[in-house]
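Just below is one structure, and these are the notes that go with it.
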Amino acid sequence: MQCLGIDIGSTSIKGAVLDLEQRTLGSPVSVPFPMPVSGLPGGWIEIDPFAVCAGVKTVLSELITRAPDACRLLFSGQMGGLILMNDQAQPLTNYLSWRDQRTLIANESGRSLLDEIHAAWNQAELLESLGNELQPGSTLALLKWMQVHGTMSNEAIPTNIADFVIARLVGHPLPMHATHAIGCLDLNHDDWHRTALDCLGMASVRLPVLAREESCVGTTMIGDRRYELFGSYGDQQCALRGAGLQNQELSLNISTGSQVSRRVPVFQPGNYQSRKYFFGDYLDTVTHLPAGRSLNTLVELLTELARAEGITLENPWRTIQAKVMDVASTDLKVDLAFFRGPLGEQGSIREITTENLNVGQLFHASFRAMADNYYRIANRVGSVDWSGIVLSGGLTQTIPLLRRLIEERFPQPIRESIGEETLLGLLDIARTISTNHYGRHESTREA
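Sequence positions in the sequence shown follow my numbering and run 1006 to 1452.
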């Protein structure tokens, strides 16, 4: 049997045919995620939701030609952010991205809305039960911003962008899976955190039904074929499911950003974020750690003059890799926290000399800083004896030195996923659904 899987990510909308019998993915199909709407105030990041739907349609059309007998669609998507819709699945707002920063803008009192939310929840001792999840682009933070600015109607239902796309396909709102509801759940009871909403004066907000299992949320006709849709799931959790993360393993997901995570059977609050995972488990994680985005900032700096002179560099990263291979060690110090995150927001390059300020040593120091960060954060997530380290995200495959530096810090066995972890997670979900519905993995089924 074949299903279709689509991941609505922050940089691309990617899909593949999921072959349940062979446990394989077809070649991925990808289009860029739409650019933000122009002309908005600084820090605002909104995306036209119909542009996202159009991108999904493009990917879906190609997948259908590759698997004309498929009859099920599964989605994963970026977590956080917010879009409001009504009971007819009509959008009432643009999609406010999880990268949106409007809640950081100071008001007349000199405090930001995010500061006020943090203070209210901290005073009420609610942050821990929310999984310590509060970011500028968190769903409830953006929802409060809309309430304060009078842009939230009584008919509005808040949801994530992937669930909105599915709602458009099935024609009605749908339950939100718990993996998407980060920073919105009372993890002591695995339900919407009504007390946290009431604390912010939002007790009357219409929340979706909360889904805890993978189940069909509706059907849609595409051409002459009817498809079952099985909701969407948080992309981080999908990726770790695709990487096969087990209890007692430590996950290092390293890509544009990076996260250090562990899977646990019970909610254990600590100095990290906690989220719902699959199988009734939880994910303890530290997110927004500097990785590819910060490295690209250095590349942009080093190539700025060439661009200004109209010179096209053939492959800057290949040159960087070659330069790094010539460096055994360096006393140059780099802090890659160029963006707001758990390690600060004021990066630096220190202990510079005329001998060490060059491309090879700069990036050697950067990769070393990343490996040091992961080891430091791993001790924050838990001091257990990890049975192994799971690498995913792809950056350690393209940067061999980074993997070697990680191996030097972690004595445990290291395994690396093969890539496309999020789509592989959807494949595993599809197999679970097939087993649960029919007691085996079907090879065929009538639409």
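Just so you know, even glycine gets a beta-carbon here, dropped at the ideal spot from N, CA and C.
Treat the numbers as computed from the prediction; the structure is a model and nothing was measured.
Under the three-state reduction of DSSP, Met1006 is assigned to coil, being neither helix nor strand.
By the 16-neighbour rule on beta-carbons within 10 angstroms, Arg1028 is exposed. Here Pro1073 carries a coil assignment [DSSP, helix/strand/coil]. Contact check for Ser1422 and Ser1397: beta-carbon distance about 4 Å, within the 8 Å limit, so the pair qualifies. Note on Ala1313: under 16 other CB atoms within 10 angstroms of its CB, so exposed under the neighbour-count rule. In this structure, Arg1267 and Val1395 do not form a Cβ contact; the two beta carbons are roughly 10 Å apart against a cut-off of 8 Å. For His1293, the enclosing beta strand (DSSP E) covers residues Tyr1287 to Pro1295. In this structure, Cys1058 lies near Arg1173, with their beta-carbon atoms less than 7 Å apart.
In the three-state scheme derived from DSSP, where H, G and I count as helix and E and B as strand, Ala1311 is classed as helix. For Thr1324, the enclosing alpha helix (DSSP H) stretches over residues Pro1321 to Met1330. Sequence-distant Cβ neighbours of Ile1187 in its own chain, meaning closer than 6 Å and more than five residues away, are Met1084, Glu1138 and Arg1280. Between Leu1147 and Leu1087, the gap from beta carbon to beta carbon is short of 7 Å.
Going by C-alpha positions, Leu1348 is about 9 Å away from Asp1340.
Within the same chain, Arg1199 and Leu1202 come within 8 Å of Ala1208 by CB-CB distance, once the 5 residues on both sides are set aside. Note: Lys1149 is not bridge-paired with any residue in the DSSP secondary-structure output. Asn1361 and Ile1013 have their C-alpha atoms roughly 42 Å apart.
Taking Arg1217 as reference, the option from His1194, Tyr1232 and Cys1204 with the minimal CA-CA separation is His1194. Between the C-alpha atoms of Asn1252 and Val1269 there is a straight-line separation of about 6 Å.
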